[in-house]
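Here the structure is laid out as structure tokens; the discussion comes afterwards.
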Amino acid sequence: MACAVRSNADDLREFRNEEFAHMPHGQLPDLQFILAVRKVEYAFQCLSLSTTEIKHIFKQKSFPTEELENVWKNVKSLYEELHVTNVKLQISEEERQFLEEHHRNLEEQVPKNVSPFCILPPKPSHEIAPRESEVGKITKQLERLREANENGLSYLYISGNPGSGKSQLAGLVAQKFYEAANIDLKTPTFVMTLNAESSKTLLESYVSLARQIKCNEHTVMFTLNSTKMQFEEKVNNLKDLLATKIPLYGSWLLVVDNVTSLSEVNDFLPQPRNEPWTKGQLLITTQNTSSIPSESSFVSHISVSKGMMPTDATSFLQKVSGIRQQGVEDKVAEALDYQPLALASAGVYVRKVRESQVHRNFGWKDYLEKLERGMRTRTETKLIETNPCYGKSMTVATKLAIERAIDNDTVVKSAFTLFSLCSPQPLHLDIVMNYILNDKNLFLDKEEIALQIQGYSLFMFEEREKGTFASTHRVVHEVSKSVINECQETDKHGQSVALAVMSFNQFIDSHLPQTWNEQNSICDSEHLISHLNALAVEVENVFLHEEKYQVIKKEVFKFSNLVEYFRRLAVICRNHCEFSGAKVYCETALKLVENSEASGGVDHAEIYSLLSIILWKMGGLQEAKVYCERALDINFSELGPQHVALVATYNVLGLVQRELGDLKNSKKNHERALDIQLKHLGPQHVDVANTYHHLGNVQHNSVDLKQAMEYYKRALEIQRKNLGDDHIFVAFSFSNMGVVESELGNLQRAKDHFKRTLDIRLKALGNEHVDVARSCFDLGVVQYELGDLQGAKEYYERALDIRFQKLGPENIPVAHTLCELGDVQRELGHLQQAKEYYERALNIKLKKLGPEHFDLLSIYLNMGVVQSKLGNLKQTKEYHEKALALRLTNLGPDHVDIANSYHHLGNVQFALNNAQQAKELYERALKVQLKNLERDHVYMAFSYEGLGSAHRELGDLVKAKGNYELALNIRLKKLGPEHDDVASTHHNLSMLQRELGELQQAKEHLECALNIMLKKLGPEHVDVARVYDDLGNVQRDLGDWQKATEYYERALNIRLKKLGPGHAEVASTYHSWGYVQCQLGDLQKSKECYERALAIRQKNLGCEHIDMANTYHHLGVAESQLGNLQRAKKCHEQALAIRLKNLGPDHVDMANSYHHLGNIQFAMNNVQQAKELHERALGIQMKNLEPDHVYVAFSLHNLGEVQRELGDLVKAKENFEHALNIRLKKLGPEHADVWSTHHELCNIQRALTVERDHEGKKCCVIS
């Protein structure tokens, strides 16, 4: 007989002979009875005998005599069966004795062989985040529990949603526990993981633990493989078996992992006050928090639902993915809610894609794009395929948890239904409570509901100033939306949406009864907006689609309540500038009204008026006008022409007409509104200020800035009197006044007004409101005008961040901000970045507005400007032609703005050196302006200034001067002597007078320009640097090289500080400074300046920009004077190549390059090549310039020198005489160039005289 069988049979015999035989029948105490039954039952189980009858006896409350007799019969029968079994299993006495001796030996060895061990949850193949902060926190908590329960069990629960890293975190803690415990080797310790995901895995884990601590293998296997024992019996038997060995360990930790239901698992875990299971701790990971006991001296709970620490998360992403993209990992970690499983999936996916041949440069930005496109599930498969320890992906595990929850708990299902209709942002708990309480199928009170949902780990809760907020992780939100949609019928979905609308309105009634419609209290409802936007999508699908219109037709809710619900939500969205959502709610309210017989005309009018405002804000001006006129007709008919309710409608119609350009009717409607208000409300009523505000806007659009300012001041006075200094409406008045001051050139006042506006809006609306973005935008404009480009850039970037977040990446205000940032980058010299901003803005507007929309005009104009600065004159011309086409289509050929396009196209032609075409375009612009404007209108000055520049380039300096003077007179008259544009004209006039040789007058005009700019813009403005640069040029021409150097230094210092060392204008100053150094004889310094200018221009403008030719040219001059003729030749050849490509073969600047190359060839004794080059130069000049132009004289003079060297003295004499006549006429008899040509002519004449004398002597000899 086997040892185990013999042992159990002997136990039964002993029980029968020594205990049972001497028991008084029916008199056994309860405790002894229980112990006796357990002994018998255990022996029968070990012998594979049925225990059914034993269990039946155990459950009996009493034992009647008849029943006892039957029991004795059964016992007798069982003993007979036992006897038969013993006979079958009987073996020789020697073998039995041997086995019994072996068994005793094993029993003696087992206690001595227990050893420490550590079985942790399975680890993935990738790197594990150390999570030191969280591990330290949990470890300390374990230590506190152990100290408080030295001789008892303690429990630490780690809860969290699927993928929050509970298992790995528990493993890290357990590892640390084991390492610390094994420092003292006197008493062994162990760590064991029990996988409680299912009954099967839990049983297998207990079996593993029994083997680790060397329990009897036969007994363990018998228990595991028994077909007659249930799961509960097997676990309890194993626990009893383990209880004999557990006390041999000084300390231990059981990691009970993957618990889905604590209530189902709890009975199978070691229990408190169970004597053998002392000196130990349980670390339990679970999703289910509702069954976790309350905190006590031996129970603690830590939630890890929020995921990893941000720094740990980004570091983890870098380790797993193998790439580092500073800053982008932060965005990825945030998008994945710092959840370890999601982060691991992302890191493995990125690594695998980069290792493939498909996309080696795949990075975090590409991954984020996939997330945004809803491809999360696809990115999770690689982790599961490569890591067997992960049984499920984040999405699959979350889906299973949600499905299990909604199947078992109607409250949780109701909460998930609401979350699926809202955004992933935190939602006020009272709204959730309202929604669940509105479900008539649930009969629970508020407290019971709160306990149920707060005990569920997939929901997170946080306390804020405004109350408790509930939320879920993004993956939970995405999955719950999918699960709810799959399990919910269409009608049920419609009712859910309507219940959500009602729940939000109930919250408004209880929390925002007085402030929901007040813009000054807009912060109070800010937390609702993301949810109202998400809910609007569902409302549109349910209420505005005919096939889903059953919710309204079935009249699930009272009509009047529902209309007010939707109207209220529309107003809140409008106040937050969330116009798409506002439109949906308003249209739904309108549809309800239109389909109800009970509604009145005034209801229609109110919603029409609200919808017209929303449409106006969204740019749908014609549609807004239609709805507004409908509202006006209804109110006029129902209430009469003087009713105060008409005021709002008149004002809305007026502002829509203003946007449509109908300023006359706009003004009339605002004046009608004002008349009614003054009659019914009095002149100091706060609503009167609103109408003054509208009238000011009309005057502003009419360019009557003085009258506009008067209206704004009236509005401000009333608002401050009625509302105080910090009301949101006061901000609107300050904002408008700032715009007017800016246009009047009072930039500092404008800045003060805009700052006041920003302060009010920040206080009233918070940091992220679109009106705050508007204030930042306005401050960016004024900082730009003040020359503080960095300050402007910062304000524009703040505005862009808010607009991008609140309005989305493809909204029109985002495009406007991108345009302004493009302007700043353009002025900073970052032309490529400017171009990129403009292109982004253009793409948005093309997509949103279409190619024919008039709002594209400003971008075409800006793109034209930046392409011009990049030297891409062809593209510049194309953009300005597009702008002209838009204006001709929308405004007609005689509109005053057409002149602006002609002006820009004239500038392009001027830059292309097509001065004649430029002149014709400026004349067209002037002609249009003369038809539309007064002769001294300020816009006329632009055309006169352009014409002045064209005449100057054509060589007609007298006409040029006349046009510049006309422009200056108009600007002095209209703008005053200290306006920026007056300074600009002084500047241009000075350049002309410099060419005329009127250097002192040029200097005076520049000084006037400088004084204006210093006063208006400050001493460090970049425009001031430009004037310093030109003053340096004039001083250079006056021969005051030292003064010129001082001005260049000032210009350079400003430009370096404001624009940076790599800006194109810094190159310009180096270029001018190089010329001065050349004249001062410091040729090496001159060369260095030109080389710096060349390097900057090459970086900013590229190798083939026309400005590169100018710098190569002057560098060639410096190299030539240094005697480096080969280098000089190379520089001039590069200048020639650039000019040929950009300007064509016949441009007058080509002559300049040929001229200098000719001089170099002459210096290198290549006289014939020099002659050919000078002839080319002269030919081009004769095509482009007047025959007596001073540049023609240079070529004639050079040809004379070449012909002299070639021995053609007669031709040389003709050229010198021609050159001398031009120079005398153009430069006067005292000019140095006149003396030079006169000197050469004298030498030629002497040479000719000597030659004639020599020829005469030869003739005499011959004769």
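Take the sequence shown: its letters are residues 0 to 1262, numbered as in numbering that gives the first Met the number 0.
For glycine and all other residues, C-beta sits at the position ideal for the given N, C-alpha and C.
Here the structure is a predicted model, which means the values were calculated and not measured.
- The segment 130-149 makes no contact with the segment 228-248; the number of CB pairs closer than 8 Å stays below 3.
- With a threshold of 16 other beta carbon atoms within 10 Å, cysteine 1102 falls short and is exposed.
- The straight-line gap separating the alpha-carbon atoms of leucine 46 and asparagine 287 is approximately 40 Å.
- The three-state reading of DSSP puts aspartate 256 in strand, counting E and B together.
- Collapsing the DSSP output to three states places tyrosine 156 in a strand.
- For glutamine 505 against asparagine 433, the beta-carbon gap comes to about 5 Å, under 8 Å, which counts as contact.
- Rounded to whole angstroms, the separation of the alpha carbons of alanine 949 and leucine 911 is 12 Å.
- Residue Leu967 holds the alpha-carbon nearest to the alpha-carbon of threonine 984 among Leu967, Ile283, Leu998.
- For secondary structure counted as the alpha helix (DSSP H) over 4 or more consecutive residues, the segment 278-359 holds these complete runs in sequence order: 309-320, 327-334, 339-354.
- Cβ-Cβ distances below 8 Å link cysteine 522 to Ala763, Leu764, Gly765 in the same chain, with the five nearest sequence neighbours on each side left out; the list follows chain order.
- Per DSSP, alanine 1108 is one residue of the alpha helix (DSSP H) stretching across 1105-1120.
- In this structure, DSSP gives asparagine 906 a helical state, which the three-state scheme calls helix.
- Check the Cα spacing between serine 502 and each of Ala173, Ile1221, Thr416: the tightest is with Thr416.
- Counting the other Cβ atoms within 10 Å of the Cβ of histidine 358 gives fewer than 16, which makes it exposed.
- Following the DSSP letters along the chain, one finds arginine 463 inside the beta strand (DSSP E) bounded by residues 459-463.
- Histidine 1146 sits in coil when the DSSP states are folded into three classes, being neither helix nor strand.
- Assignment of beta-bridge partners to histidine 427 by DSSP yields Phe468.
- Under DSSP, asparagine 194 shares a beta bridge with Asp256.
- Looking at the DSSP output, tyrosine 455 sits in a beta bridge with Asn287.
- Counting only the Cα atoms, isoleucine 1243 lies some 19 Å from alanine 1231.
- Between valine 781 and lysine 750 a beta carbon distance of about 5 Å is seen, short of the 8 Å cut, so the two are scored as contacting.
- The alpha carbon of glycine 279 has as its nearest neighbour, out of Tyr836, Lys233, Thr226, Phe189, the alpha carbon of Phe189.
- Asparagine 1214 sits close to histidine 1196, with the two beta carbons spaced by under 9 Å.
- Counting along the chain, the unbroken alpha helix (DSSP H) around leucine 591 starts and ends at 578-593.
- When beta bridges are read from the DSSP output, phenylalanine 189 appears opposite Phe116, Trp251.
- Residue Trp251 holds the alpha-carbon nearest to the alpha-carbon of asparagine 181 among Asn236, Val319, Trp251.
- As the crow flies, the alpha-carbon of serine 293 is around 27 Å from that of valine 475.
- Using a Cβ-Cβ distance cut-off of 8 Å, the segment 669-676 and the segment 684-692 are in contact, since at least three pairs of beta carbons, one from each stretch, lie closer than that value.
- In the structure shown, tryptophan 1040 adopts helical secondary structure according to DSSP, grouped into three states.
- In the three-state DSSP reduction, glycine 1080 falls in the coil class, being neither helix nor strand.
- Relative to the Cα of valine 651, the nearest Cα in the group Arg671, Gln641, Pro640, Leu1100 belongs to Arg671.
- In the three-state reduction of the DSSP assignment, serine 163 falls in the coil class.
- Rounded to whole angstroms, leucine 778 and asparagine 1109 show a C-alpha spacing of 38 Å.
- In the three-state DSSP reduction, glutamine 1202 falls in the helix class (H, G or I).
- A direct Cα-to-Cα measurement between alanine 914 and leucine 953 gives close to 6 Å.
- The DSSP assignment places 979-994, 998-1016, 1021-1036 as complete runs of the alpha helix (DSSP H) inside the segment 967-1040, in order along the chain (cut-off: 4 residues).
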